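Everything below concerns the one structure shown next.
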Amino acid sequence: MTITTDRATEAVRTYASYAKPLWQRVILTREFAVIALLVAVFVYSTNEVQAFSGPLTIYYLLLDVVPILLIALPMTMIIITGEIDLSVASVVGLSAVLVGDLHQNGWSIPAAAVAAIVVGIVCGAFNGFLIAYVGLPSLAVTIGTLALYRGLAVGILGTTAVTDFPEKWTDLAKDKIGDSSYPVVIIPFIVLAIIFVILLHFTAFGRGVFDIGLNDEAAHFSGVNVARTKLILFVLAGAVSAFAGVYYALRFGSVRGDTATGMELKVIAAVLLGGVSIFGGRGALHGVIAGVLLIGVLSSALRLETVTDNVINIIIGSLLVISVMSTSFLSVVTRATTGIKKRGSKSPDERQQLASAHTEGKNE
Amino acid sequence: MNTSGPVALQLLQVRKSFGPVVALRSGSLTVNSGSIHALVGENGAGKSTLVKIIAGLYQRDAGEFLLHGESVDFSSTAASKDAGIAVIYQEPTLFPDLSVTENLFMGRQPLGAGRRIDRKAMHAEALSLFQRLGVNLDPRRLAEGLSIADQQIIEIAKAISLDASVLIMDEPTAALSGVEVDRLFAVARSLRDEGRALVFISHRFEEVFALCDMVTVMRDGEYISTDPIAETTSAQIVAKMVGREVGELFPKTPATIGEPVLQVSGLERGGVFHDVSFEVRSGEIVALAGLVGAGRSEIARAVFGVDPYDAGTVMIGGRKVPARNPRAAIRLGMGFVPEDRRQQGLVVDASVAHNVASVIRGKLATLGIVTRTAENKASGPWSARLEVKTNALSMNAATMSGGNQQKVVIAKWLATHPKLLIIDEPTRGIDVGTKAEVHRLISELAGQGMAILMISSELPEVLGMADRVLVVNEGRITADIDRADATPESVMTAATNAGATA
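From first to last, the protein sequence lines are chains A and P.
Residue 318 in the numbering used here sits at position 327 of the first sequence, and the numbers go up by one each step.
Residue 756 in the numbering used here sits at position 237 of the second sequence, and the numbers go up by one each step.
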């Protein structure tokens, strides 16, 4: 153990960066499995499902999944920290209602949209404050704010609907990029996706997000600001959900108090399908994006085959259960094949006993 | 001793090991009915292991265990309870939302007609139990909010209602006030006079001398001696507890001691530590010694900022460290290797590179972008300097041994180039070889001018490594002993406040 830089007497040890070759690290992952499944379903549908290959399919598919794609970005990060946000769909609803209501009261659409996003940020900050600084469980807090924000949305519009949006804006929401079959709205999604990928996978902040999910105490001891990180994530979720709400209002040209009800579960299902652990600490955005698209393509193809929505839900639900099960199944297989099964599961226990053997006089 | 009856509990040369580590080499204890027997020893002497074997929590590897003359083997705590053994821990675990009575009869409620719980009978028995113990407790109140002393009384009452013949109290007085201790002692004496056997574990010698009839000393997992209290003194007991040579196990390289790096003054946290002031100079190794639970780790955690404090200041190199802000402490040059490696020291489910780079990753960024390549590049040399044993930097820390994990934690802090390194239990749960490496490393770091604040429950480590020993006793620094004057006796005396009776 030389701490001095005394290279003459002792060879400095070097390490390989990775234990496995690159192809294994890329291909033998859950994210890759989801992407492969997406490609398979897409190719199959293009060839076998009538009308799937038409240009309008992709267009409508993207129009429909963009809100879920958008909200899945911050939701992924929140779930990786081990928390959850169930209030996102209510924020979508509240934001859509605000855009409609403010516009009815003479606001321009951009001004109303900015106001709605500010409200979304406030909603997210309220969640984040209660969870990160007051220390309440996110599940309970966001079940509460799910009802609260939805209640505000319904309260503002009552049983009425707003339908008179200016055509200029509703057309923009459905516009295509040039002559392609891609809607314009995927541009803000791509921009946000790049920002979130960098934030989660290529910054110190993102490393901290994973640390919090794996072991928040150790993260705290290493100087990660756990509370501030969580607050930022919930604020991001509020802002992005509100933006999705603005899009929702313009895309359908009609808003009511119950707009986007239940969307939070679709988002969470897609995030989990994309390989994010509900216990936190593991997951990647490329898997999540593939997960959202997989659900979108699957339901769109099945709908074209005139399968009813009930059956589609059953199929997607089963897929989710299988994918969650596959993680534990895979880890059993890996352990069995690499032969670390016994040691891996037993040693933490032994070490704890060792530790307690060294902690004489300290009582349980 | 005076009226003590037949032997109630006898353990002879009991041995217990966990893997390669022997926790109890040869534990022996003989307790008579109608007597109170003290069991004393340093942290790590094997007392708790012995108690856990008696309680049925652990099974012995070798040796004899006799209860009322018959050999017994307890496979569970339930079995030992059925045999009439009750263990009362320092902090009992009651169900806070249930009443005192319900806690007393948990799992063995008296049943009336139709197998309904007979609440009347339960209440009456609870009342008579408390009357017998001479304590004033309402059996109907909830356990929540009861003082630790009252919770212990409930545990004792439970033991009596089960007609336990052997009661073991593991440091019962650690969290009690003077009046509460007196009440506990009165109860203990009346139990002795009823002919029960009591084992009393305590670090406070004045209590041992006030209460007990016999005393057994343990050291390094071995039985040392048993004497009647009247025929021994606390000085003799301390000598037996520590009685070993602090050899040349700890190679301390001389370092030039420079300017103060850490200055702590008047640090205070209600009920945890009081008026803590000390400084650590560059090149100096200062040890915080004392018994487990004395408040050493709490002081260190407050200094680093992961725990709050009510009053006082912490300064690094003359600059004030804000309270409750580990990030600021790190920025000012503090590093902290915590006590609980797996829970606080590192993220075991992340890679070696991720862990080693976890504090410095902000500095590894170019334009805010941190890549795995940058992490690997930065963590490789640090892992190499500490000779971390791993195939690749991408390996999970969870698969590594305790010693290797500790090296990863130390590497992660050395990478920040700290001015002050706080190390809480540097070698806990680490094999002997790695232990020596860690000691040499700490010594070298001090030699290069780093200030080291070390917390250790192992006396030889403290005496072998430290330039100065600060002894913490019940949240206060009771002694500041120079390396030259530090002996096992002087440290243990300050740690147990035995000065009064010695």
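All C-beta atoms, glycine included, are put in the ideal place defined by N, C-alpha and C.
In this text, all values refer to a predicted model and were calculated from it rather than measured experimentally.
With its beta carbon less than 8 Å from one in chain P, A7 (chain A) belongs to the interface. Membership of I720 (chain P) in the beta strand (DSSP E) is indicated by the continuous run A716 to I720. Contact check for S172 (chain A) against P58 (chain A) fails: the beta carbons are separated by 8 Å or more. When secondary structure is reduced to three states using DSSP, Y124 (chain A) falls in the helix class. In the DSSP assignment, D155 (chain A) falls outside any beta strand (DSSP E) and carries neither an H nor an E. Within the same chain, and ignoring the five residues on either side of A645 (chain P) in sequence, the residues whose Cβ sits closer than 6 Å to its Cβ are T620, L623 and P658. Of the candidates P:A705, P:L939, P:P845 and P:S554, the residue whose Cα lies closest to the Cα of L972 (chain P) is P:L939. The three-state reading of DSSP puts L810 (chain P) in coil, since its state is none of H, G, I, E or B. Using a Cβ distance threshold of 8 Å, S976 (chain P) and E944 (chain P) count as a contacting pair.
At a cut-off of 8 Å between beta carbons, D868 (chain P) contacts chain A.
For S547 (chain P), the secondary structure class from DSSP, reduced to helix, strand or coil, is strand. With respect to chain P, the C-beta atom of A209 (chain A) has a partner C-beta closer than 8 Å. DSSP, read as helix, strand or coil, puts T832 (chain P) in strand. In terms of Cβ geometry, A662 (chain P) and P615 (chain P) form a close pair [threshold 8 Å]. In this structure, the straight-line span from the alpha carbon of Q925 (chain P) to that of R860 (chain P) is close to 7 Å. Non-local C-beta neighbours of Y577 (chain P) in its own chain, meaning closer than 8 Å and more than five positions away in sequence, comprise K535, T568 and K571, ordered along the chain. With a cutoff of 8 Å on beta-carbon distance, F724 (chain P) and S744 (chain P) are scored as not near each other. Within chain P, not a single residue places a beta-carbon under 7 Å from that of R21 (chain A); the smallest gap is close to 16 Å. For I108 (chain A), the enclosing alpha helix (DSSP H) has its first and last residue at I100 to G119. Counting along the chain, K908 (chain P) sits inside no beta strand (DSSP E), nor does DSSP assign it H or E at all.
With contact defined as three or more Cβ pairs closer than 8 Å, the region 59 to 71 of chain A and the region 178 to 197 of chain A are in contact. Our two residues, I756 (chain P) and H958 (chain P), have alpha carbons roughly 29 Å apart in a direct line. At least one C-beta of chain P is nearer than 8 Å to the C-beta of T194 (chain A).
Listed along chain P are R846, each with a C-beta nearer than 7 Å to that of N216 (chain A).
Non-local beta-carbon contacts of H722 (chain P) in its own chain, meaning distances under 6 Å to residues more than five positions away in sequence, involve L810 and T1015 in chain order. Closer than 8 Å to the CB of R880 (chain P) there is at least one CB belonging to chain A. Burial state of N874 (chain P) is buried, judged by a 10 Å Cβ sphere holding 16 or more other Cβ atoms. Within chain A, Y6, A7, S8, Y9, A10 and K11 have C-beta atoms less than 9 Å from the C-beta of A911 (chain P), given in sequence order.
Shown here, A917 (chain P) sits in a helix according to DSSP, grouped into three states. DSSP places I59 (chain A) in the uninterrupted alpha helix (DSSP H) bounded by P46 to I71. Chain-order list of chain P residues neighbouring F156 (chain A): empty, with the shortest C-beta distance near 39 Å, by a criterion of under 7 Å. With respect to P841 (chain P), V825 (chain P) sits apart: the two C-beta atoms are not nearer than 8 Å.
The beta carbon of R579 (chain P) sits closer than 6 Å to the beta carbons of V533, K535 and I572 from its chain, once the five residues preceding and following it are set aside; these are given in chain order. Contacts with chain A at 8 Å (Cβ-Cβ) include P857 (chain P). For M969 (chain P), there is no enclosing alpha helix (DSSP H), as DSSP marks it with neither H nor E.
Taking C-beta atoms as the reference points, L530 (chain P) and E589 (chain P) fail to come closer than 8 Å.
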